[in-house]
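The structure under discussion appears below in the form of structure tokens.
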Amino acid sequence: MSLGDIHGTEVAAAALRHAGLEARAVTPIAGGWAFWTFDVDGEWIARFARNEEIARAARRELALLPHLAEHMSVAVPTPAFDGMHDRLPFFVYPRISGRGMEPADATPELLDAIARVLDEL
Numbered sequence: 045m046s047l048g049d050i051h052g053t054e055v056a057a058a059a060l061r062h063a064g065l066e067a068r069a070v071t072p073i074a075g076g077w078a079f080w081t082f083d084v085d086g087e088w089i090a091r092f093a094r095n096e097e098i099a100r101a102a103r104r105e106l107a108l109l110p111h112l113a114e115h116m117s118v119a120v121p122t123p124a125f126d127g128m129h130d131r132l133p134f135f136v137y138p139r140i141s142g143r144g145m146e147p148a149d150a151t152p153e154l155l156d157a158i159a160r161v162l163d164e165l
């Protein structure tokens with residue numbers, strides 16, 4: 045069963061249980077084209093690769109994120125759980141607090157802070 049169908053949250057919850065995370069509430073997060081993404085209990089983010097091309101990128105991301113987190117001054121998603129669903133990887137990391145940037149947020153100070161983070165990368 046695909047995560048993209050109407051039963052996707054149930055499938056995601058079952059996959060998460062299999063990986064060792066007992067989820068009480070699994071809510072889809074809309075907008076991504078590469079991953080099916082879910083908020084888990086308001087504490088975790090779960091990302092499921094949609095196809096094999098994205099799975100290859102996800103495997104690289106899984107290997108890179110812990111190393112990147114050691115060297116960045118900002119929070120970096122660090123996977124705490126991972127597994128497979130339909131022969132494609134998924135991973136779960138603690139939710140990082142924050143919100144999306146709005147046009148009104150684009151102050152010179154914030155843009156300078158973003159530039160510093162990009163320099164770190």
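If you count the sequence shown from 1, position 111 lands on 155 in the numbering used here, and the numbers rise without skipping.
Yeah, the Cβ is synthetic: ideal placement off N, Cα and C, and Gly gets one too.
Predicted, not measured: the structure shown is a model, and the values here were computed from it.
Query                                                                                                                          : Result
Cross-strand partners of H129 (DSSP beta bridge)                                                                               : L132
Assigned secondary structure, I32 (DSSP; H/G/I helix, E/B strand, else coil)                                                   : The first residue shown for the chain is 45 and the last is 165, placing residue 32 beyond what the model contains.
Exposed unless 16 or more other CB atoms sit within 10 angstroms - verdict on V3                                               : The requested residue 3 is not part of the displayed model; the chain covers only 45 to 165.
Contacts around T53, its chain only, beta-carbon distance under 8 Å, and the 5 residues preceding and following it disregarded : V70, T71, P72 and F82
Endpoints, the beta strand (DSSP E) within which D83 is located                                                                : F79 to V84
At least 3 beta-carbon pairs within less than 8 Å: the segment 142-150 vs the segment 83-98                                    : no
Proximity to P138 [Cα-Cα], best of V84, A74, M128 and A157                                                                     : V84
Status (buried if at least 16 other CB within 10 Å, exposed otherwise) for A101                                                : exposed
Reduced DSSP secondary structure (H/G/I, E/B, other) of T122                                                                   : coil
Length of the line joining the Cα atoms of M128 and W80                                                                        : 13 Å
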